Amino acid sequence: MKDWIKAARLRTLPLSLSGIIMGAFIAKWRLYGEGGIWDWRIFALALLVTLLYQILSNYANDYGDGIKGTDAKRSSEAEARAVASGKITAKQMKNAVILFSVLSFVATIALLYVAFIPEYMNEFYIFIGLGVASILAAIGYTVGKKPYGYMGLGDLFVFIFFGLVSVCGSYFLFTKTFSWDMLLPGTAVGMLSMAVLNLNNMRDIESDRLSGKNSFALRLGFRNAMIYEMILLQLPLILILIFLGLNGFIQSQNYYVFIVMILLIPFAKLRRKIMAVKEPRELDPFLKQVGILTFMMATLTAIGLNFFN
Numbered sequence: 001m002k003d004w005i006k007a008a009r010l011r012t013l014p015l016s017l018s019g020i021i022m023g024a025f026i027a028k029w030r031l032y033g034e035g036g037i038w039d040w041r042i043f044a045l046a047l048l049v050t051l052l053y054q055i056l057s058n059y060a061n062d063y064g065d066g067i068k069g070t071d072a073k074r075s076s077e078a079e080a081r082a083v084a085s086g087k088i089t090a091k092q093m094k095n096a097v098i099l100f101s102v103l104s105f106v107a108t109i110a111l112l113y114v115a116f117i118p119e120y121m122n123e124f125y126i127f128i129g130l131g132v133a134s135i136l137a138a139i140g141y142t143v144g145k146k147p148y149g150y151m152g153l154g155d156l157f158v159f160i161f162f163g164l165v166s167v168c169g170s171y172f173l174f175t176k177t178f179s180w181d182m183l184l185p186g187t188a189v190g191m192l193s194m195a196v197l198n199l200n201n202m203r204d205i206e207s208d209r210l211s212g213k214n215s216f217a218l219r220l221g222f223r224n225a226m227i228y229e230m231i232l233l234q235l236p237l238i239l240i241l242i243f244l245g246l247n248g249f250i251q252s253q254n255y256y257v258f259i260v261m262i263l264l265i266p267f268a269k270l271r272r273k274i275m276a277v278k279e280p281r282e283l284d285p286f287l288k289q290v291g292i293l294t295f296m297m298a299t300l301t302a303i304g305l306n307f308f309n
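Note that the sequence shown covers residues 1 to 309 in the UniProt record's numbering.
See the structure below:
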């Protein structure tokens with residue numbers, strides 16, 4: 001069991017939860033101001049769905065990189081993978097991918113039933129499509145004849161699904177409306193998700209070169225990928241600040257809402273530490289740190305809007 005838990009890569013879960021927390025609690029703040037109802041069942045099911053998607057993605061990545069021989073070329077300092085190490089067979093991991101695909105789809109149906117049935121049938125079917133697309137994206141990163149992670153498209157898909165779909169989609173589940181300003185927090189979470197993936201690919205840049213995995217970091221080169229990383233870590237809090245400003249909090253002088261800005265300090269320290277790295281394998285500890293800071297950004301934004309407003 002411990003090998004399965006390790007393969008699930010629990011350290012990535014705070015990152016996947018961040019988009020749901022961001023979207024759901026911005027929705028709660030808006031619904032509260034309009035006298036609407038925030039359904040805790042939608043929130044609980046949305047958390048379950050995103051956890052299943054994340055575990056599915058991690059198992060699929062383990063399977064795909066394992067059967068392609070990508071993980072075998074990675075250094076021992078990098079995170080050990082189950083299929084490549086032989087702790088879990090490729091057949092067992094493939095079965096786990098199938099199982100979690102089914103579980104993810106069933107949980108998605110349950111979520112959308114609670115959120116949309118019976119008044120919003122069109123939205124129900126649209127989100128079924130998004131759910132299927134999310135499952136296929138989770139699998140397609142490393143699995144298949146042309147996995148998009150091997151073509152340098154991983155960053156784009158992470159931005160779309162971990163950022164825009166997660167934040168804007170969860171917001172829509174509660175409000176049944178789309179608001180253009182939600183693209184700001186959606187982009188913020190998406191960029192930090194890209195930052196985690198880029199760190200991962202920078203860490204593995206040499207082994208990926210040997211295995212033919214043309215990640216975006218490999219295409220950029222280590223130095224340019226580092227510049228790209230700094231941009232990804234710099235902009236999200238600025239986007240959150242713009243979102244709060246657009247919603248009138250600067251004029252209202254309700255400065256408690258800006259509690260999320262205390263993260264400027266740890267983000268600045270993190271950027272300095274990452275920039276000081278010379279060897280790619282030294283980047284591994286920062287993946288977890290970026291994930292935690294993303295989770296804190298979402299949580300503090302939620303607290304500022306719902307408890308200090």
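Even for Gly, the Cβ is constructed at its ideal location relative to N, Cα and C. Computed from a prediction, not measured in an experiment: that's the story for all the values here.
As assigned by DSSP and simplified to three states, the class of residue i
i    : result
N201 : helix
E77  : Residue confidence for E77 is low, a pLDDT of 45 falling below 50, so the modelled location carries little weight; the figure read from the coordinates is stated next. Three-state DSSP puts E77 in coil, outside helix and strand.
T177 : coil
A276 : coil
F127 : helix
Q253 : coil
P147 : coil
Y171 : helix
L136 : helix
K213 : coil
M194 : helix
I265 : helix
M182 : helix
I88  : coil
T142 : coil
Chain-order list of residues whose beta-carbon lies under 6 Å from that of residue i (same chain, five-residue window excluded)
i    : result
S57  : A138
S76  : With a pLDDT of 45 at S76, under the threshold of 50, the predicted position of this residue should be treated as unreliable, though the coordinate-derived value follows. Cβ within range, chain order: n/a, list empty.
L112 : F124 and F127
F286 : L199 and I274
G131 : T108
M194 : D155, V158, F159 and L232
S170 : I20, G23, A24 and A46
Residue interval of the alpha helix (DSSP H) (run including residue i)
i           : result
Y120        : No alpha helix (DSSP H) contains Y120, which DSSP labels as neither H nor E.
A298        : D284 to F307
Y228        : F222 to L246
residue 310 : What the structure shows of the chain is the stretch from 1 to 309, and residue 310 is not part of that stretch, so it cannot be assessed.
L156        : G154 to V158
Beta-carbon contacts of residue i that lie in its chain and below 7 Å, excluding the five residues immediately before and after
i    : result
L48  : A107
F161 : S134 and A137
P236 : A188, M191, L192 and M297
A90  : Y63, G66, I67 and V83
F267 : L233, L237 and L293
Q54  : T12, L13 and S16
Heavy atom of the ligand COA within 8 Å of residue i beta-carbon
i    : result
L283 : Looking for the ligand COA in the displayed structure turns up nothing, as the structure carries no ligands at all.
Sequence-distant residues of the same chain with beta carbon closer than 8 Å to residue i, five excluded per side
i    : result
L184 : L239, I240, I242, F243 and L246
**Request:** Inspect the CB distances between the stretch 284 to 302 and the stretch 14 to 22 and report whether three or more fall short of 8 Å.
**Result:** Yes: the two stretches touch, three or more of their Cβ pairs being nearer than 8 Å.
**Asked** Which runs of the alpha helix (DSSP H) fall wholly inside the stretch 6 to 73 and span at least 4 residues, in chain order?
**Response** DSSP assignment within the stretch 6 to 73 yields the following whole alpha helix (DSSP H) runs of 4 residues or more, N-terminal first: 13 to 34 and 40 to 68.
**Asked** Any contact of the stretch 220 to 239 with the stretch 274 to 291, i.e. 3+ C-beta pairs under 8 Å?
**Response** Because the criterion of three Cβ pairs below 8 Å is met, the stretch 220 to 239 and the stretch 274 to 291 touch.
**Request:** Any chance you could list the alpha helix (DSSP H) runs of at least 4 consecutive residues sitting entirely within the stretch 90 to 115, in chain order?
**Result:** DSSP runs (the alpha helix (DSSP H)) wholly in the stretch 90 to 115: none.
**Prompt:** Do three or more CB pairs link the stretch 93 to 106 to the stretch 150 to 166 at distances below 8 Å?
**Reply:** With a cut-off of 8 Å, the stretch 150 to 166 and the stretch 93 to 106 do not count as touching, because too few Cβ pairs lie within range.
**Prompt:** Are three or more beta carbon pairs between the stretch 194 to 201 and the stretch 210 to 222 nearer than 8 Å?
**Reply:** Contact between the stretch 194 to 201 and the stretch 210 to 222 is present, because at least three Cβ pairs lie under 8 Å.
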